[in-house]
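Some notes on the structure that comes next.
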Amino acid sequence: MFEICLSRVTWLHRVPAGIKLSVLAVAGAAVFLTDDRRVLAGLVGFAFSLPLLAWLPLRPLARQVLPAAVLIAALVVFHLALGDADSAVLVAARLSTVILLAVTLTLTTRASAMVEAMERILAPLRFVGVSPAKAGFTLSLAIRFIPVLFAITGEIREAQKVRGLERSVVAVALPLLVRTLRMADDLSEAIAARAYDGD
Numbered sequence: 004m005f006e007i008c009l010s011r012v013t014w015l016h017r018v019p020a021g022i023k024l025s026v027l028a029v030a031g032a033a034v035f036l037t038d039d040r041r042v043l044a045g046l047v048g049f050a051f052s053l054p055l056l057a058w059l060p061l062r063p064l065a066r067q068v069l070p071a072a073v074l075i076a077a078l079v080v081f082h083l084a085l086g087d088a089d090s091a092v093l094v095a096a097r098l099s100t101v102i103l104l105a106v107t108l109t110l111t112t113r114a115s116a117m118v119e120a121m122e123r124i125l126a127p128l129r130f131v132g133v134s135p136a137k138a139g140f141t142l143s144l145a146i147r148f149i150p151v152l153f154a155i156t157g158e159i160r161e162a163q164k165v166r167g168l169e170r171s172v173v174a175v176a177l178p179l180l181v182r183t184l185r186m187a188d189d190l191s192e193a194i195a196a197r198a199y200d201g202d
């Protein structure tokens, strides 16, 4: 289900998972906390240039980003139709930055490395009764699910397009809900197995 580009190991693959997670967290927070166009432009430029500077293969990158790009374009058109160009720019900048950085992270970082990094970061939570292992595993799955859900949405839209139903929210939402629940069921079994191993 999750894809990692191992055909060409780049310098970005070698960057520790903790650093990449920190960059994602800081950039994700910054892009939603600022309205400064210069800061937003810098963050968008960073998000778009990072996979190119790392020489990531474009095909898997485009395959995961394209469904998100379609959704972002739809949201931009919606805001423009309401005459709110400023919101259209903000939505495009913020979502494209977070999604592209998340996709780049998932394509260059193994799930096990992300879990280990998050466990180290969340280690202080032991003192308040929270398991860093479970919290780290949950957060890593949340990050990896961002591009996966967009990819599934794109697949469903393509399938419904053949039936002329791509504009129907229900026709897209229901299959997405079913597939998401199936994945959640599979993941719950994996989490239960992990918790059992950790006991």
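So the sequence shown is residues 4 to 202, counted in my numbering. The beta-carbon is built from N, C-alpha and C at its ideal position, and this holds for glycine as well. All of these numbers come straight from a predicted model, not from anything done at the bench.
Minimum C-alpha distance to L53 - residue among T183, L168 and A105
A105
Under a three-way DSSP split, which group does G1 fall into?
A question about residue 1 goes unanswered here, because the residues of the chain that appear run from 4 up to 202.
Which of the three DSSP states, helix, strand or coil, is assigned to G167?
coil
Relative to the alpha-carbon of P70, which residue among V181, L56, L27 and R160 has its alpha-carbon at the smallest distance?
R160
Report the three-state DSSP secondary structure of V101 (helix, strand or coil).
In the three-state DSSP reduction, V101 falls in the helix class (H, G or I).
For W58, the first and last residue of its enclosing alpha helix (DSSP H):
Note, W58: premise wrong, no alpha helix (DSSP H); not H, not E.
Under the rule that 16 or more other beta-carbon atoms within 10 Å means buried, what is V68, buried or exposed?
buried
For the putative contact between L98 and A91, defined by C-beta atoms under 8 Å, what is the C-beta separation to the nearest angstrom?
So it is not a contact: roughly 11 Å between Cβ atoms.
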